[in-house]
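Enquirer: Below: one structure in structure tokens.
Residue numbers (this note's numbering): 2 to 114.
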């Protein structure tokens, strides 16, 4: 089950955070996505348009931290990710890994010669 939450900003926009399991066979583990959008529905639509079809936000168990909100606000795409510890806790433990743009996750591996 995906843990996640949201935070409404003073200007009316919303930051949505979701922890999603990575596909089987992937070395990533659990991945935390941050999305900046006008509302929660648009944030989830942005993720669904990238191929994450079964993404739903139920409840507000793991809202974005102030540091995460700052990170997504300062990114030009408004959609970032990083690996999250998969320890069964709804709220992620702070990680030392930097945030990556969504292009880094969706990038196709280079063909091997």
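For every residue, glycine included, the Cβ atom is placed at its ideal position computed from N, Cα and C.
Just so it is clear, the structure is predicted and the values come from calculations on it, not from any experiment.
Which residues in the same chain as residue 4 place their Cβ atom closer than 7 Å to its Cβ, once the five residues preceding and following it in sequence are excluded?
Expert: 20, 62, 63 and 91
Enquirer: Which one of 53, 58, 57 and 34 has the shortest CA to CA distance from residue 66?
Expert: For the set 53, 58, 57 and 34, the Cα lying nearest the Cα of residue 66 is the one of 34.
Enquirer: Could you give the residue range of the alpha helix (DSSP H) that holds residue 45?
Expert: 41-50
Enquirer: In whole angstroms, give me the CA-to-CA distance for residue 79 and residue 37.
Expert: 5 Å
Enquirer: With DSSP as the reference, identify every bridge partner of residue 59, one or two as the case may be.
Expert: In DSSP, residue 59 forms no bridge with anything.
Enquirer: Pick helix, strand or coil for residue 1, following the three-state DSSP scheme.
Expert: In this structure the chain extends from 2 to 114, so residue 1 is not present and cannot be described.
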